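Student:
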Amino acid sequence: MSALNMDCEQRGDIDSVFGWIANLCNKETRLWAMLELFERRSHIDSLGLLLWHSFGAVSGLLQEIVTIYPVIYQEIELTGQQSHRICTAIGLIQAMAAHPFIGIQLIRCQFMCYLMPLLKMTSQTRAVEHVRLSVLGVICGLLKSDHPEIVSYFLGTELIPLTLRQLEFGTTMSKVLCAFVLYRTLEHEVGLKFASRRLARRLHLIHTLARVVHQLTLEPEPRVLKHIVRIYSRLADHPQNLELVLKLLPAQIRNGYFCQEVLVGFESASIELADLNRKLSKREEKDKACDDTMPENH
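According to our numbering, the sequence shown is numbered sequentially starting from 12.
1) With a cut-off of 8 Å on the beta carbons, I'd call Asn252 and Ser207 a contact; round off their distance for me.
2) Less than 9 Å between the beta carbons of Arg245 and Glu198, yes or no?
3) Rounded C-beta distance between Ala106 and Gly59? I'm assuming under 8 Å.
4) Quick check: the Cα distance between Thr133 and Val275, rounded to an integer number of angstroms?
5) Sorted by chain position, which residues of the same chain lie with C-beta nearer than 6 Å to Arg234's C-beta, five sequence neighbours on each side aside?
6) Under the rule that 16 or more other beta-carbon atoms within 10 Å means buried, what is Thr90, buried or exposed?
7) Give the range of the alpha helix (DSSP H) segment to which Lys131 is assigned.
8) Can you tell me the Cα-Cα spacing of Arg212 and Leu255, whole angstroms?
9) Thinking C-beta only, is Arg209 closer than 9 Å to Val162?
10) Within the continuous alpha helix (DSSP H) that includes Ile101, where are the two ends?
11) Grab the span of the alpha helix (DSSP H) containing Phe165 for me, first residue to last.
12) Grab the span of the alpha helix (DSSP H) containing Lys38 for me, first residue to last.
13) Are the CB atoms of Lys38 and Gln74 nearer to each other than 9 Å?
14) Taking the straight line between their C-alpha atoms, what separation do you get for Val273 and Ala280?
15) Identify, in the order they occur along the chain, each residue of the same chain with its Cβ nearer than 8 Å to the Cβ of His309, setting aside the five sequence neighbours on each side.
16) Exposed or buried, what is Glu140 when buried is set at 16 or more other beta-carbons lying within 10 Å of its beta-carbon?
17) May I have the straight-line CA-CA distance separating Leu259 from His64, to the nearest angstrom?
18) Quick one: residues in its chain with C-beta nearer than 8 Å to the C-beta of Ile83, no 5 flanking neighbours on either side, listed in chain order?
19) When you compare only the Cα positions, how much space is there between Phe122 and Thr168?
20) Taking Ala190 as part of the alpha helix (DSSP H), name the residues at either end of that continuous run.
21) So for Phe180, helix, strand or coil by DSSP?
22) Check the Cβ-Cβ distances between Ile83 and every residue of chain B, and say whether any is below 9 Å.
23) On a Cα-Cα basis, can you pick out the residue from Val201, Phe191, Ile171 that is closest to Glu160?
24) Is Leu147 near Ser94, with beta carbons less than 9 Å apart?
25) Where does Asn266 sit, in a helix, a strand or coil, going by DSSP?
26) Would you kindly report the start and end of the unbroken alpha helix (DSSP H) that includes Ser70?
27) Please look up how many angstroms separate the CB atoms of Leu154 and Val192, rounded, as I've assumed it's under 8 Å.
28) Give the single residue among Phe205, Arg176, Asp248 whose Cα lies nearest to the Cα of His218.
29) Going by CA-CA distance only, name the one from Val223, His158, Glu88 that's closest to Ile115.
30) What are the start and end residues of the alpha helix (DSSP H) that includes Tyr80?
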């Protein structure tokens with residue numbers, strides 16, 4: 012009982028929590044149970060642990076996930092009611108993913124392979140967008156743990172190409188989350204090496220970033236720009252990327268376009284952009300020095 016931190020500590024309320032978790036096993040009572048748990052998730056300490064260790068709870072949530080697959084593979088329109096139901100289930104999964112121990116267990120048991128297909132939906136309807144944001148929320152929570160095994164797992168999926176697509180064509184909130192996912196992935200050495208391994212992969216990544224920067228000049232979004240700048244800076248840490256970044260970096264990043272006024276949400280823009288340009292300038296100076304020391308052909 013010490014795992015529960017309820018606003019109301021009456022025995023009846025505690026029993027209700029365990030009753031709702033048990034009802035996740037039953038298709039007839041699952042929706043009501045999910046709604047009750049989701050509404051109270053911030054008031055139930057260790058909800059993730061309770062769900063993970065309760066018989067049938069994870070299985071019940073997984074059944075909710077797979078019911079949406081016909082929408083993905085048969086191009087059926089997702090209704091608002093379906094979206095709300097699946098997002099409630101994903102919200103409870105996020106409660107598990109936020110726990111350090113359970114997060115890595117979700118990766119090791121391949122649970123995320125059931126959520127990744129939901130990112131393949133290309134529709135931009137509100138119902139689909141809510142599902143997309145819910146899945147991205149789970150991924151962001153997992154990546155915050157800084158566990159190399161989690162990063163390595165996602166590198167074996169289609170996460171990077173899927174996030175790049177949403178980064179370019181998604182809604183503002185999707186772009187914010189996808190930019191964060193991409194940065195957190197590249198922040199790890201294994202992620203940076205993966206992104207730098209093939210020329211086609213590097214070009215796709217850097218060209219997509221350039222198009223996003225162009226979009227940001229038309230519709231500024233500091234939360235996206237912050238991660239884009241950090242992604243460029245991280246890419247520049249790898250020698251094979253540095254040359255491409257120098258060649259293809261958008262002029263708006265180099266000429267201080269985004270530093271003309273204070274960006275709410277990215278107040279450190281001028282400092283981080285200056286650091287990026289300083290990193291690139293060092294490479295340019297090094298290349299110039301090499302050219303100067305080369306003997307002239309007579």
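Where a beta carbon is used, it is the ideal one built from N, C-alpha and C, also for glycine. The structure presented is a predicted model; accordingly, all values stated were derived computationally and were not measured.
Tutor: Looking at the atomic coordinates:
1) 5 Å
2) yes
3) 4 Å
4) 30 Å
5) Val187, Gly276
6) exposed
7) Taken as a continuous stretch (DSSP letters only), Lys131 belongs to no alpha helix (DSSP H), as it is neither H nor E.
8) 12 Å
9) no
10) 91-108
11) 159-166
12) 38-50
13) yes
14) 8 Å
15) Bear in mind that the predicted position of His309 carries a pLDDT of just 45, short of 50, making it too unreliable to give a figure here.
16) buried
17) 50 Å
18) Pro128, Leu129, Lys131, Met132
19) 13 Å
20) 183-198
21) helix
22) The chain labelled as chain B is not found in the depicted structure, where only one protein chain is given.
23) Val201
24) no
25) coil
26) 68-77
27) 6 Å
28) Arg176
29) His158
30) 80-84
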